[in-house]
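Colleague: Residue numbers (the working numbering), protein chains in the order written: chain A, 1 to 356; chain B, 357 to 567.
Even glycine gets a Cβ: it sits at the ideal position worked out from N, Cα and C.
Please read these numbers as outputs of a predicted model, since none were measured by experiment.
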Amino acid sequence: MNSKQRVTQAFSGAGYDRLPMWYGAEPGTTQNLLNFLELSSVEELDDYLGVDFKTIRPRYIGPELKRYPDGKFDTMWGIRRGGGHWGIALNTPLAHAETIQDVEAYPFPRPEWFDVDFTEADKELSNSYCIIGGMWSPFWHDAMELLGLEKMFIALKFDQALVEAVVDRAFDFYYTVSVQAFEANPGLIDIFWFANDFGTKKNLFIDPRLWRQLFKPKMKKLADLGHQYGLRVAYHSCGDISQIIPDLIEIGIEILNPIQVTAANMDPMVLKHEYGQDLIFFGAIDYNEILSHGSEERVRAEVRRMIDILGYDGKYIVAPSHDLMMPEVPPRNIWALYDEAKKYSSAQVSAASSIA
Amino acid sequence: MSIETIYEAILNGEAKATKADVTATLAAGVSAVEILHHACIPAMNQVGHLFENGEKFVPEMLISAKAMEAGMELLKPHLVEAGVETFGKVVIGTVAGDLHDIGKNLVAMMLEGAGFEIVDLGIDVSAERFITAVQEHEPVIVGMSALLTTTMTAIGTTIDALAEAGLREKVKVLVGGAPVTEEFATRIGADGTAFDAGSVARVAKGLIGAA
Chain A
1 MNSKQRVTQA
11 FSGAGYDRLP
21 MWYGAEPGTT
31 QNLLNFLELS
41 SVEELDDYLG
51 VDFKTIRPRY
61 IGPELKRYPD
71 GKFDTMWGIR
81 RGGGHWGIAL
91 NTPLAHAETI
101 QDVEAYPFPR
111 PEWFDVDFTE
121 ADKELSNSYC
131 IIGGMWSPFW
141 HDAMELLGLE
151 KMFIALKFDQ
161 ALVEAVVDRA
171 FDFYYTVSVQ
181 AFEANPGLID
191 IFWFANDFGT
201 KKNLFIDPRL
211 WRQLFKPKMK
221 KLADLGHQYG
231 LRVAYHSCGD
241 ISQIIPDLIE
251 IGIEILNPIQ
261 VTAANMDPMV
271 LKHEYGQDLI
281 FFGAIDYNEI
291 LSHGSEERVR
301 AEVRRMIDIL
311 GYDGKYIVAP
321 SHDLMMPEVP
331 PRNIWALYDE
341 AKKYSSAQVS
351 AASSIA
Chain B
357 MSIETIYEAI
367 LNGEAKATKA
377 DVTATLAAGV
387 SAVEILHHAC
397 IPAMNQVGHL
407 FENGEKFVPE
417 MLISAKAMEA
427 GMELLKPHLV
437 EAGVETFGKV
447 VIGTVAGDLH
457 DIGKNLVAMM
467 LEGAGFEIVD
477 LGIDVSAERF
487 ITAVQEHEPV
497 IVGMSALLTT
507 TMTAIGTTID
517 ALAEAGLREK
527 VKVLVGGAPV
537 TEEFATRIGA
547 DGTAFDAGSV
557 ARVAKGLIGA
567 A
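1) Could you compute how far the alpha carbon of residue 228 of chain A sits from the alpha carbon of residue 222 of chain A?
2) Could you list which residues in chain B have their beta carbon closer than 8 angstroms to that of residue 88 of chain A, in chain order?
3) Please tell me whether residue 414 of chain B has its Cβ less than 7 angstroms away from any Cβ of chain A.
4) Residue ranges of each beta strand (DSSP E) run of no fewer than 3 residues wholly in the stretch 20-77 of chain A, ordered along the chain?
5) For residue 43 of chain A and residue 345 of chain A, I'd like the C-alpha separation in whole angstroms.
6) So which residues on chain E does residue 2 of chain A lean against when the C-beta distance must stay under 7 angstroms?
7) Based on the DSSP output, what are the partners of residue 371 of chain A in its beta bridges?
8) Where does residue 116 of chain A fall in DSSP's three states?
9) Tell me whether residue 505 of chain B is buried or exposed, calling it buried when 16 or more other Cβ atoms sit within 10 Å of its Cβ.
10) Give me, in chain order, the residues of the same chain whose beta-carbon lies closer than 8 angstroms to that of residue 272 of chain A; leave out the 5 immediate sequence neighbours on both sides.
11) Counting only Cβ pairs nearer than 9 angstroms, list the residues of chain A close to residue 419 of chain B.
12) So, does the CB of residue 255 of chain A fall closer than 7 angstroms to a CB anywhere in chain B?
13) Can you grab the Cα-Cα spacing for the pair residue 86 of chain A / residue 278 of chain A, in whole Å?
14) Look at the Cβ atom of residue 16 of chain A, then the Cβ atom of residue 276 of chain A, and state whether they are nearer than 7 angstroms.
15) Taking all protein chains shown into account, do 16 or more other C-beta atoms lie within 10 angstroms of the C-beta of residue 46 of chain A, making it buried, or fewer, making it exposed?
16) If we define contact as Cβ-Cβ less than 7 angstroms, is residue 83 of chain A a contact residue for chain B?
17) Comparing C-alpha positions only, which one of B/536, B/392, B/450, B/534 sits nearest to residue 485 of chain B?
18) Within 7 angstroms of any Cβ in chain A, is that where the Cβ of residue 509 of chain B sits?
19) Could you tell me whether the Cβ atoms of residue 498 of chain B and residue 447 of chain B are closer together than 7 angstroms?
20) If you reduce the DSSP assignment to three classes, tell me which class residue 528 of chain B lands in.
21) Can you check which of these residues, A/59, A/38, A/57, is closest to residue 49 of chain A by C-alpha distance?
22) Just verifying my parser: in three-state terms, what is the DSSP assignment at residue 130 of chain A?
23) Alpha carbon to alpha carbon, what distance is there between residue 289 of chain A and residue 251 of chain A?
24) Would you verify that the beta carbon of residue 328 of chain A is, or is not, closer than 7 angstroms to some beta carbon of chain B?
25) Closer than 7 angstroms, Cβ to Cβ, to anything on chain A: give me those residues from the stretch 381-409 of chain B, in chain order.
26) Using 7 angstroms as the threshold, is the C-beta distance between residue 171 of chain A and residue 218 of chain A below it?
27) Could you tell me whether the stretch 89-98 of chain A touches the stretch 137-151 of chain A, using the rule of 3 or more Cβ pairs below 8 angstroms?
28) Quick one: any contact between the stretch 60-75 of chain A and the stretch 432-439 of chain B, if contact means 3 or more CB pairs under 8 angstroms?
29) Here's a check: name, in chain order, each residue in its chain whose Cβ is nearer than 8 angstroms to the Cβ of residue 84 of chain A, leaving out the five neighbours to either side.
30) Have a look at the DSSP bridge pairing and note the partners of residue 473 of chain B.
31) Nearest CA to the CA of residue 216 of chain A: which residue from A/134, A/238, A/231, A/253?
32) From residue 322 of chain A to residue 286 of chain A, what distance separates their C-alpha atoms?
33) State the Cα-Cα distance for the pair residue 305 of chain A and residue 19 of chain A, rounded to the nearest angstrom.
34) Is it the case that the Cβ atoms of residue 462 of chain B and residue 490 of chain B are separated by a distance below 7 angstroms?
35) So for residue 298 of chain A, helix, strand or coil by DSSP?
36) Any beta-carbon of chain A closer than 7 angstroms to the one on residue 549 of chain B?
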């Protein structure tokens, strides 16, 4: 059974040999893990861990984006970032925008800056792996960074048209490139996985009524797009998004990531009970405490626990509860996660089929 | 234009209305102290309470804080003239190596709304700068924020530095930020932590023994 088949079968609830697994990390984290396992490439790592997914997104081929000696770097949004890892936005290009014309005049990224075509190597991967594609599409974050948080929040209450103007342009960009990616590579992409963080550790970042008005329709457009091309649709949001999970199901989200279990109202047992019929869960292995600070044995125990809670019906992709592991995570714990998931999940499936 | 309308304006995050109402209410002879204690502080108290309850969200909290700030600008000269004392100074900053400030800014606004005077050191603040600020301002509380698991260790370092400089006993140390837990706060020797800006005023007042 190859990875592509494994994922399809697991989602259907039968005929799979173990649960699918996904890996995502900062380059520094991956290097630590490669060193720990004495491997020399990401491809080797994926095979060694048993990762079932490859992410092939449109590639940036636009104007050169500067990287600075002090670690800062420029992005295609006209923003400079710094402060470690993906960092924070250090400037606010639309801080002085007052009108929709001001927004329209801003040089947003252009779809032609992206090459969407799968290479021969990509097509080869698509034969045996489950392929994640389309644009990540964090248009909420881009809009927030362009306007600045204070201006965004004040505008959300007093000048929604301004917010919508920025969000629309950011959204349209991602949507256009995603369409192009799906058009150019028919049948090669399995999952359209996109993201916008709307949760905090407790509650949503913004009023759910506002979210339903301003952002839900856009999320629905993305979900519809994925379905139009025959893809499954996966959505990422950190934090406590419990209040909008029914909305996400309603608009066609099938896979939910990363299930930040330490956030309020994100108890995996409750979520599986309430939404297990409608959602495939993706993530949930606690990153904040267990992966970052726990012993190896604790990691392994948590993996078994989560597989029992979320994966008994196949509708679970094993992964950390944060989509980008940082270099502080001990490589031993990362290895333990995948090793235990593979062993335990295989054993569970074998046991179940021997009873049947 | 009255205490009630100022309260409502702050609660609704209306900065312009707050300024107009404060101006009119002062002109009508109501004292700045009364406005502070019967409109501003209760309004921000209620905002924090509603946020903790999940009825208000981060944007609402921020615009209410901005409205209160706008009102405070007008009240400050009168408060200074009347010799009104705040609960004391809070020296606040994001620790060394960390540039994140949204949470810290919200906390500063909420503490000001609760009646503290804020000395905001900004971001990427070294232990030395914290020490200098404590020596200069003699705050009741030192607030430290970190968003990254890598930079939160600088909180512990700064606390140790305060101890070495003989300042630790003179202040209450309040720490916060997404990766900060009660357990971490206790382990590194802080006096307290608040989960978010909505609850920080309550925790801060508790630390200094105020109502």
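Modeller: With the given structure in hand:
1) 10 angstroms
2) 455, 456
3) yes
4) Listed in chain order, they are 53-55.
5) Cα to Cα, residue 43 of chain A sits roughly 22 angstroms from residue 345 of chain A.
6) Here the protein chains are A and B, and chain E is not one of them.
7) The requested residue 371 of chain A does not occur in the structure, where chain A is confined to residues 1 to 356.
8) coil
9) buried
10) Hits under 8 angstroms: 281, 309, 310.
11) 150, 153, 154, 156, 157, 158
12) no
13) Taking the straight line joining both Cα atoms gives about 33 angstroms.
14) no
15) buried
16) yes
17) B/450
18) Taking Cβ atoms only, chain A never reaches closer than 7 angstroms to residue 509 of chain B, which makes this a no.
19) Cβ atoms of residue 498 of chain B and residue 447 of chain B: closer than 7 angstroms.
20) strand
21) A/38
22) When secondary structure is reduced to three states using DSSP, residue 130 of chain A falls in the strand class.
23) 32 angstroms
24) yes
25) none
26) yes
27) Contact between the stretch 89-98 of chain A and the stretch 137-151 of chain A is present, because at least three Cβ pairs lie under 8 angstroms.
28) no
29) 71
30) B/445
31) A/253
32) 8 angstroms
33) 14 angstroms
34) The answer is no: Cβ separation not under 7 angstroms.
35) helix
36) no
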